[in-house]
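**Student:** I have a structure I would like to understand better, so I am pasting it below and will then ask my questions one at a time.
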Amino acid sequence: MKQITTIYINGQFVRPHGTERFDLFNPTTNQTIGQVVLGDEEDTRAAIAAAKSAFETFATTTSEQRMEYLQRLHDAVTTRLDDLIAASIEEYGAPVQRARASSEMAADSFLHYKTVLQDFDFIRTAGHSKVSMEPLGVVGIITPWNANAGFICNKLATAIAAGCTAVIKPSEMSATQTQILAEALHEAGLPAGVYNIVNGRGDVVGAELTRHPDIAKISFTGSTAVGKAIARGAADTLKRITLELGGKSPNIILDDADLAKAIPMAVSACFMNSGQACIAGTRLLVPQDRLEEVKALVKTTIEKVSVGDPKDPTTTIGPLVSPKQYDRVQQYIKAGIEEGAELLIGGEGHPAGLEAGNFVRPTAFAGVKGDMKIAREEIFGPVLSIMTYTTEEQAIAMANDTVYGLQAYVSSASTERANRVASRLVAGRVLINTLSHDPMAPFGGFRQSGIGREYGTFGLEAYLEPKTIIE
Ligand code: NAD
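Count along the sequence shown starting at 1, add 45, and that's the number in our numbering.
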């Protein structure tokens, strides 16, 4: 049994003042694997004080110095990749291929920000004035459990690139992964206090970060409900906020699309990260007259999806992170059936032989109507909702009929046509005939999918404040 009894403040692993213990478990078996001692408000304030003190010097570092730090952070995380992958399989249930890709992406985020710094002008001219892009101060970083290392590393890389210091509050459910990452980051040997990590509950450590006057900005990834609470809490001290929240992403299959390619890709878009992805393409919008072909292809594609032991390299869907998440997804599957959608494949309960863990049956519904819960709410599990349209205009209207606006997908034989549709979608990112990612391009949501953008220069500018000097 692992016992995680320290947090990381001012360059040292220290015992927290907080005493609450939180159980860690393996979602494949639901067996307890350890415990973490959670920090409290006092620990949070100590971490903020360390970051505030470190900021005085760190804010004056040059781009070259920070590029050197980013390289060291990348190298340090890379040396612990195997441990990170193993922890993310054990504690999160990530299928091994997914665990590997997301751990590598986490390490690479430091290099991406090193690249951004190479051509970034911190001193600019506007009118006849000099404009200096200045680091904001201490950033509070609050992350969810569904890609622990990736969110921490990307947000920390942005803070370092900007010359900000940070207090990180990872998801309490990811403490084993966080511990490995903290040990790795420590080896990079950055000045004490530049980043601090406090395990703890959202309503304790997260809330203290949100209200503390010495925190200049909160960068948060998580649910829309908590994002709204943070926005409200941050208003008292007028903190800057970057909020990366939920989604209900549409995937428009245009009538000229090659379904043999587009449908397997659509299933992958929905089931990525075992369905626990904010960008999952969960609403599949297909032409009414191609529905039968689509249904047949969705069914055969899902029949081949392998659910099971995340350590097995052939597994594409592992367990959901917790029994709570399992129950939540079951409620949505039940709601889909009760509201009259056609259950194409999957359904309630565990797949046979996988009753011990939080495994759900990969599920697809056809005949989904725009007012059904499974068409409107974020499920965060492998559940696909197929809806039909008759005209391109209607497809666009259906795609935009949501409070969210994080990502959208379009498949078409004509890139010109797909681009025309993409230009009318209310989404922070549109993927055309691809599932690829671009770590240098802005990422974030329209509407209730969030505020602000991460990645690349857009992400960096969200950690900077312009100061105008007029002589
Ligand atoms: P969550 O919102 O419950 O928790 C996220 C983090 O916020 C955790 O660290 C939690 O402890 C903390 N928190 C909880 N209450 C808080 C409070 N009152 N004040 C401050 N912090 C608080 O989300 P989750 O269940 O961990 O993650 C799943 C959600 O995250 C999904 O809704 C998903 O869409 C979203 N998500 C969004 C993105 C994106 O980039 N847009 C990426 C991944 C996940």
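Glycine included, each C-beta is placed from N, C-alpha and C at the ideal position.
Only counting the same chain, and skipping five residues up and downstream in sequence, which positions put a Cβ closer than 6 Å to that of residue 49?
**Tutor:** 81, 220, 224
**Student:** As an exercise, report each continuous alpha helix (DSSP H) stretch of at least 4 residues that is fully enclosed by the segment 195-268, in chain order.
**Tutor:** 220-232, 252-256
**Student:** Given this structure, state the Cα-to-Cα distance separating residue 392 from residue 419, to the nearest angstrom.
**Tutor:** 13 Å
**Student:** What separation, rounded to the nearest whole angstrom, lies between the Cα atoms of residue 267 and residue 46?
**Tutor:** 28 Å
**Student:** Just grab the DSSP bridge partners of residue 476 for me.
**Tutor:** 454
**Student:** On the DSSP bridge assignment, give the partners of residue 295 in chain order.
**Tutor:** 328
**Student:** Within its chain, find whatever has a CB closer than 6 Å to the CB of residue 250; leave out the 5 residues flanking it on each side and keep chain order.
**Tutor:** Taken in chain order, the residues that qualify are 84, 89, 214, 243.
**Student:** For the 8 Å Cβ check, are there 3 or more pairs between the segment 114-121 and the segment 448-456?
**Tutor:** no
**Student:** Classify residue 411 as helix, strand or coil using the three-state DSSP reduction.
**Tutor:** strand
**Student:** Secondary structure at residue 321, three-state DSSP: helix, strand or coil?
**Tutor:** coil
**Student:** Whole-angstrom Cβ separation of residue 108 and residue 222, contact assumed at under 8 Å?
**Tutor:** Not quite, the Cβ-Cβ distance comes to about 30 Å (not below 8 Å), so this is no contact.
**Student:** Of all the alpha helix (DSSP H) runs that stay within the bounds of the segment 372-435, which reach a length of 4 or more residues?
**Tutor:** 418-421
**Student:** Using a threshold of 7 Å, is the CB atom of residue 495 nearer than that to any non-hydrogen atom of the ligand NAD?
**Tutor:** yes
**Student:** Under 7 Å from any heavy atom of the ligand NAD, does the C-beta of residue 215 make it?
**Tutor:** The answer is yes for residue 215.
**Student:** Starting from residue 471 and walking both ways along the alpha helix (DSSP H), at which residues does that stretch end?
**Tutor:** Taken as a continuous stretch (DSSP letters only), residue 471 belongs to no alpha helix (DSSP H), as it is neither H nor E.
**Student:** When burial is assigned at 16 or more other CB atoms within 10 Å of the CB, is residue 205 buried or exposed?
**Tutor:** A residue is called buried when at least 16 other Cβ atoms come within 10 angstroms of its Cβ; residue 205 meets this threshold and is buried.
**Student:** So, residue 291 versus residue 459, is the Cβ gap smaller than 8 Å?
**Tutor:** Against a cut-off of 8 Å, the Cβ pair of residue 459 and residue 291 comes out as no contact.
**Student:** At a cut-off of 7 Å, would you count residue 315 as near the ligand NAD, judging by its Cβ distance to the nearest heavy atom?
**Tutor:** Incorrect: residue 315 has no Cβ contact closer than 7 Å to the ligand NAD.
**Student:** Between residue 288 and residue 78, what straight-line distance do the alpha-carbon atoms span, to the nearest angstrom?
**Tutor:** 32 Å
**Student:** Name the one or two DSSP bridge partners that residue 511 has.
**Tutor:** 178
**Student:** Buried or exposed: residue 515, going by 16 or more other Cβ atoms within 10 Å of its Cβ?
**Tutor:** exposed
**Student:** Locate the alpha helix (DSSP H) running through residue 518, then write down its first and last residues.
**Tutor:** Residue numbering for the chain in the displayed model covers 46 to 516; residue 518 lies beyond these limits and cannot be assessed.
**Student:** Assuming the contact rule is C-beta atoms closer than 8 Å, residue 425 and residue 370 should be a hit. Round their C-beta distance to whole Å, please.
**Tutor:** 7 Å
**Student:** Under 7 Å: does the beta carbon of residue 275 sit that close to some heavy atom of the ligand NAD?
**Tutor:** yes
**Student:** Excluding the 5 residues flanking residue 471 on each side, which residues of the same chain have their C-beta closer than 6 Å to its C-beta?
**Tutor:** 445, 450, 491.
**Student:** Report whether the distance from the Cβ of residue 104 to the nearest heavy atom of the ligand NAD is below 7 Å.
**Tutor:** no
**Student:** Among the candidates 300, 216, 233, whose CA atom is the shortest distance from the CA of residue 69?
**Tutor:** 216
**Student:** Is residue 189 close to the ligand NAD? I mean its beta-carbon at under 7 Å from any heavy atom of the ligand.
**Tutor:** yes
**Student:** Verify the contact flag: residue 83, CB atom, against every heavy atom of the ligand NAD, threshold strictly below 7 Å.
**Tutor:** no
**Student:** Suppose the cutoff is 8 Å on Cβ atoms and the five residues either side in sequence are ignored; what does the same chain contact list for residue 236 look like?
**Tutor:** Only residues of its own chain outside the window of five on either side were considered, and among them 56, 99, 102, 103 have a CB closer than 8 Å to the CB of residue 236, listed in chain order.
**Student:** Just to confirm, does residue 291 get its C-beta within under 7 Å of one of the non-hydrogen atoms of the ligand NAD?
**Tutor:** yes
**Student:** Expressed to the nearest angstrom, what Euclidean distance is found between the alpha-carbon atoms of residue 227 and residue 177?
**Tutor:** 32 Å
**Student:** Which of the three DSSP states, helix, strand or coil, is assigned to residue 139?
**Tutor:** coil
**Student:** Following the continuous alpha helix (DSSP H) through residue 312, name the residue where it begins and the one where it ends.
**Tutor:** 304-316
**Student:** Between the C-alpha atoms of residue 180 and residue 208, what's the straight-line distance to the nearest angstrom?
**Tutor:** 5 Å
**Student:** Please find out if some non-hydrogen atom of the ligand NAD comes closer than 7 Å to the beta-carbon of residue 425.
**Tutor:** yes
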